[in-house]
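Here it is, written out as structure tokens:
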């Protein structure tokens, strides 16, 4: 008798099915990121992929390759690009006292 448990790799995109989950995920990532902008870009990429990159390219007006590059591990998108992506994802960046 074997006591092995079969597992599958965790993929956050499998759990970002509704807009509220996506918004809460991005919010939590902002809380956890500290001074790491790459962490935020990864979160935006996770949500963009969960929603569908083709939809996001249409809504941002960015070329597909540009969007993938901006949201890649080594991406360094401009603030304008980040704003276009967040708008397409249905979230808005706001400020609160630190």
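Numbering (the working numbering), first residue to last: 157 to 254. Cβ coordinates follow ideal geometry from the N, Cα and C atoms, glycine included. Note that the structure is a prediction, hence the values are computed from the model and not measured.
Starting from the C-beta of residue 239, find all residues in its chain whose C-beta is less than 8 Å away, skip the five residues before and the five after it, and write them out in chain order.
Counting from one through the chain shown, the residue named residue 239 turns up at place 83. Cβ neighbours of residue 239 beyond the five flanking positions: 249.
Which residue wins for smallest C-alpha separation from residue 220, given the options 229, 208 and 230?
For this step, residue 220 is matched to residue 64 along the chain shown. Looking at the Cα atoms, 208 is the closest of the given residues.
Kindly indicate which residue of 158, 161 and 245 has the alpha-carbon position closest to the one of residue 206.
Working through the chain shown from its first residue, we reach residue 206 at position 50. Per the Cα distances, 245.
Could you give the residue range of the alpha helix (DSSP H) that holds residue 196?
Here residue 196 corresponds to residue number 40 of the chain shown, with the count starting at 1. DSSP places residue 196 in the uninterrupted alpha helix (DSSP H) bounded by 193-207.
Just curious, the alpha helix (DSSP H) that residue 247 is in, first and last residue?
By one-based count along the chain shown, residue 247 stands at place 91. No alpha helix (DSSP H) holds residue 247; DSSP gives it neither H nor E.
Do you know whose CA, among 235, 227 and 171, lies nearest residue 194's CA?
As a first step, residue 194 is located in the chain shown; it is residue number 38 there, counting from the start. Closest by alpha carbon: 227.
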